[in-house]
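One structure is given here, and the rest of the page talks about it.
4 protein chains.
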Amino acid sequence: MSRATPSDPDDTQHTGSDRTPTRSGDVPVRLVSVATELFAKHGFESTSVQSIVDAAGVTKGAMYHYFDSKDDLLYEIYGRMLRVQTAQLERVASADLPVTERIRAATVDVIETSIANFDDTKIFWRSMHQLHPDKQAQVRAERRYYHERFRALIQEGQDSGEFRADVPADLVVDYHFGAVHHLSTWYRKDGWLGAGDVGRYFADMLLSALRP
Amino acid sequence: MSRATPSDPDDTQHTGSDRTPTRSGDVPVRLVSVATELFAKHGFESTSVQSIVDAAGVTKGAMYHYFDSKDDLLYEIYGRMLRVQTAQLERVASADLPVTERIRAATVDVIETSIANFDDTKIFWRSMHQLHPDKQAQVRAERRYYHERFRALIQEGQDSGEFRADVPADLVVDYHFGAVHHLSTWYRKDGWLGAGDVGRYFADMLLSALRP
Amino acid sequence: MSRATPSDPDDTQHTGSDRTPTRSGDVPVRLVSVATELFAKHGFESTSVQSIVDAAGVTKGAMYHYFDSKDDLLYEIYGRMLRVQTAQLERVASADLPVTERIRAATVDVIETSIANFDDTKIFWRSMHQLHPDKQAQVRAERRYYHERFRALIQEGQDSGEFRADVPADLVVDYHFGAVHHLSTWYRKDGWLGAGDVGRYFADMLLSALRP
Amino acid sequence: MSRATPSDPDDTQHTGSDRTPTRSGDVPVRLVSVATELFAKHGFESTSVQSIVDAAGVTKGAMYHYFDSKDDLLYEIYGRMLRVQTAQLERVASADLPVTERIRAATVDVIETSIANFDDTKIFWRSMHQLHPDKQAQVRAERRYYHERFRALIQEGQDSGEFRADVPADLVVDYHFGAVHHLSTWYRKDGWLGAGDVGRYFADMLLSALRP
DNA sequence: AATGAATGAGGATTCATTCAT
DNA sequence: TATGAATGAATCCTCATTCAT
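Residue numbers (our numbering), protein chains in the order written: chain A, 6 to 217; chain B, 6 to 217; chain C, 6 to 217; chain D, 6 to 217.
Laid out in structure tokens, this is it:
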């Protein structure tokens with residue numbers, strides 16, 4: 006039942022005007038988009054289905070036609086974000102570049118999309134537990150996959166001797182991505198630090214820490 | 006603030022003050038303790054006041070006698086945690102040790118207490134937005150204070166030339182504590198890694214990253 | 006205003022409009038009617054929403070689908086009464102009759118409808134302060150309009166010399182309508198005095214008092 | 006049980022400073038005084054016992070020491086007002102003056118005390134139904150007594166031929182006192198009309214209406 | 001593909017009152 | 001004469017979801 010309409014990942018990019026009483030675009034996309042905004046602003050539980058459909062300019066019936074439940078909307082948001090980030094990591098990780106450069110690029114990428122989709126980022130760790138256990142397991146699995154893929158990069162550097170090997174690769178990933186995922190709690194889009202800047206600093210911190 | 010009775014958690018430890026024989030069966034203390042557990046398990050919004058008072062063995066009226074609202078209970082939890090961590094950092098940061106050792110000790114400390122109070126840790130970032138705006142501001146201020154105190158340590162190392170100075174101290178703190186605060190999303194108490202181990206690894210990551 | 010569905014009381018009289026076969030079993034109409042009865046009997050605060058919906062044979066959800074709040078129900082009652090009385094006064098005041106006859110007719114009318122809608126009358130002055138301030142202002146404005154319209158009649162008689170002019174018209178209206186509005190505190194429907202009788206006596210008192 | 010402390014009627018006169026966190030005066034008097042103010046401002050049901058005792062600077066226990074219930078406070082207010090007005094009427098009605106002068110004086114008196122104790126006046130008709138049935142009956146009886154006493158004056162004038170007799174004396178009293186009791190809904194203390202002015206106009210209206 | 005009335009269970013909170021001290 | 005912790009029942013309202021149309 007879930008994910009009735011996959012809604013092309015490109016929609017994530019917000020390529021235009023979907024602010025203000027959203028009229029254009031097809032209904033399911035509009036609903037997810039509006040829900041993202043409201044979940045980020047008020048939290049999942051404090052956002053009523055009514056407020057979502059009102060903001061999307063449709064009725065409840067329409068929403069339940071496309072989604073099984075309120076938490077299905079949340080699931081869609083998670084899916085959208087994970088698809089983008091995983092695809093991105095996959096692309097970068099298999100590029101023909103030195104491992105340090107791939108790690109740097111991946112870090113910059115993940116931070117840039119995290120900030121470009123700041124609402125998704127805010128929602129992610131805050132609302133995971135509101136998801137139905139089954140869906141939660143699914144999300145966790147996808148996230149785990151991402152983690153593993155990144156860990157392989159670290160490992161690769163450790164195996165080749167470019168990185169110190171006296172710290173478990175898993176822990177390195179947890180350390181680094183803890184920092185990345187926490188961005189949404191302190192980063193201000195109107196501050197003096199661009200997403201790229203943060204990305205480069207973070208990559209630099211990681212790579213420095215791994216110097217033998 | 007808003008509580009009818011401050012019910013300092015320290016009361017539990019019989020610190021001398023003898024107004025009302027505050028034993029561990031003390032109602033407000035029991036309520037906060039039970040709420041912590043339930044909020045961590047089911048989330049703030051999914052925990053009903055009824056379930057809290059049932060678990061604490063009191064009536065709703067009793068709860069509202071001590072706390073203004075459900076979110077006041079949450080505030081109490083935040084306050085308790087912040088007080089402990091700030092006091093700890095203050096103690097360590099002003100110790101007579103090399104700056105690297107103070108940073109290492111502070112990191113180990115914060116991770117150890119984060120894991121010792123795992124429920125508090127799980128609640129912290131997940132539920133902040135459920136707090137009344139005023140209380141949220143208060144918590145943020147206390148957290149900011151903590152951040153500043155730690156940043157001063159980094160700065161100290163940078164000024165003395167022990168640490169590289171080409172990365173903003175603020176960003177270093179955000180990076181490091183992002184990782185620390187994210188512990189609750191992946192750490193398993195029954196795993197093969199003790200709190201001390203994680204603390205030492207994390208401190209090591211940070212200090213390595215700061216090598217000139 | 007605040008109602009989801011205007012549910013004009015006139016709908017009950019089948020005035021042509023045929024969207025949703027509005028019969029007298031219409032939910033919002035039934036709710037207002039039942040609420041009127043209960044508010045008059047027990048007072049606004051002592052009437053629970055539960056008792057209203059039980060008496061109307063619907064669920065609470067249904068009530069909140071049509072009305073924003075309990076006090077919105079009260080507002081509807083006020084609106085209904087004011088619409089009727091204002092329309093009536095307007096009709097009589099602009100009739101082609103001597104001013105004394107128009108005043109007499111208006112007084113008889115207002116008393117007859119006050120007694121015909123005795124529950125509304127009982128509620129009116131007793132519960133005004135329970136209304137949300139905004140709604141209260143609205144009601145007050147409509148009531149003021151009524152007062153002004155009646156005052157114009159008095160003035161007319163004073164200007165023409167038919168009435169004594171040494172007493173402010175405003176005060177005359179307040180005096181007269183104070184008496185009218187107080188009916189509900191002493192009038193008994195099962196007494197020996199009909200609504201028409203009271204109306205004629207009251208009109209007579211007023212007109213006598215105004216003799217030059 | 007009720008009326009534990011009769012609290013000298015003179016207290017009604019508010020002879021001094023019992024505004025601001027009331028400290029002086031004995032507890033029961035302070036409680037009734039504060040309750041009067043709050044009931045007038047927010048209504049009986051919307052005023053919590055807690056807010057009363059807070060405003061009076063005592064605790065709930067103290068209140069329940071002097072009064073049986075919240076509605077006992079209300080009863081006290083009614084009693085206080087009725088005692089004053091009845092005594093006043095009795096004094097004036099039996100004075101050695103022409104009946105018209107006695108009616109005029111009584112009207113001016115009742116309006117002056119109504120305005121001097123404006124809060125009591127506001128509460129009176131609005132909150133009668135909140136009183137326990139027994140107490141309600143008692144109040145009604147006292148009020149009836151007042152009505153009868155005044156009716157006797159009208160009758161006296163009718164019997165002597167000074168007043169027209171073609172309108173029932175009872176109805177005249179209801180008409181006149183309806184107007185008087187309604188004062189609290191429109192009178193403004195800061196307006197251009199003093200209590201005495203209103204009293205004289207009202208008396209004049211009544212006496213004019215009664216001219217044969 | 002969409003409406004919107006209706007459900008019904010559950011939620012947080014308030015409050016008059018009691019009672020041991 | 002007064003305290004204040006505790007009760008427990010009641011209150012208003014919210015909300016995700018369903019379903020006939």
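For glycine and all other residues, C-beta sits at the position ideal for the given N, C-alpha and C.
In whole angstroms, what separates the C-alpha of B:L43 from that of B:D77? 15 Å
Residue environment, B:K65, which counts as buried when at least 16 other CB atoms sit within 10 Å: exposed
Buried or exposed for B:R131, going by 16 or more other Cβ atoms inside 10 Å? buried
Where A:E50 and C:Y151 are concerned, what is the direct C-alpha to C-alpha distance, given to the nearest angstrom? 47 Å
Backbone CA spacing between D:T27 and D:R154 [nearest angstrom]: For D:T27, the predicted model reports a pLDDT of 40, less than 50, meaning its position is unreliable and no value from the coordinates is stated.
Within 10 angstroms of the Cβ of C:E81, are there 16 or more other Cβ atoms? Answer buried if so, exposed if not. buried
Please classify B:D179: does DSSP put it in a helix, a strand, or coil? helix
Three-state class that DSSP yields for B:T112 in the structure shown: helix
Please tell me whether C:M210 has its Cβ less than 7 Å away from any Cβ of chain D. yes
Might you give, ordered along the chain, the residues of its own chain that have their beta carbon closer than 6 Å to the beta carbon of A:A110, omitting 5 neighbours on each side? V97
Going by the CB atoms, is the gap between C:R169 and C:L218 shorter than 7 Å? Residue 218 of chain C lies beyond the residue range present for chain C, which begins at 6 and ends at 217; the question has no answer from this structure.
Rounded straight-line distance, which links the Cα of C:K75 to that of D:G84: 32 Å
Spell out whether any CB of chain C is found under 7 Å from the CB atom of D:D179. yes
Closer than 7 Å to chain D by CB, C:G183: yes
Buried or exposed for A:R149, going by 16 or more other Cβ atoms inside 10 Å? exposed
Local conformation of B:F72 per DSSP, three classes: coil
Considering only their Cβ atoms, is the gap separating B:A184 from A:A184 smaller than 7 Å? yes
In or out: B:H70 buried (at least 16 other Cβ within 10 Å) or exposed? exposed
Just to confirm the assignment, what range does the alpha helix (DSSP H) spanning B:K46 have? 32 to 47
Distance CB(A:E95)-CB(A:G204) smaller than 7 Å: no
How about A:L102 and B:Y206: are their beta carbons less than 7 Å apart? no
Checking contacts by CB at 7 Å: is B:R154 closer than that to chain A? no
Is there a Cβ of chain A sitting closer than 7 Å to that of B:H186, yes or no? yes
Is C:Y229 helix, strand or coil when you go by DSSP? Only positions 6 to 217 of chain C appear in this structure, which leaves residue 229 of chain C out of reach.
Using a beta-carbon distance cut-off of less than 7 Å, what residues from the stretch 125 to 157 of chain A approach chain B? W130, R131, H134, Q135
Contact set for D:A45: own chain, Cβ-Cβ below 6 Å, skip 5 residues either direction: D124, K127, I128
Exposed or buried, which one is C:Q55 when buried takes at least 16 other CB atoms within 10 Å? exposed
So what's C:W130 in DSSP terms, helix, strand or just coil? helix
Closest residue to C:R107 among C:I159, C:V89, C:A142 (Cα-Cα distance): C:I159
Could you say which of A:S165, A:A100, A:T91, A:R35 lies nearest to A:F72 if we only look at CA atoms? A:R35
Mind checking if B:S218 is an interface residue toward chain A, Cβ cutoff 7 Å exclusive? The requested residue 218 of chain B does not occur in the structure, where chain B is confined to residues 6 to 217.
Between B:V172 and chain A, is there a C-beta pair that is closer than 7 Å? yes
Check whether chain C comes within 7 Å of D:W197, counting only Cβ atoms and requiring the distance to be less than that. no
Taking 7 Å as the CB-CB cut-off, is C:R205 touching chain D? no
So, is B:S29 buried or exposed, given that buried needs 16 or more other C-beta atoms within 10 angstroms? For B:S29, the predicted model reports a pLDDT of 42, less than 50, meaning its position is unreliable and no value from the coordinates is stated.
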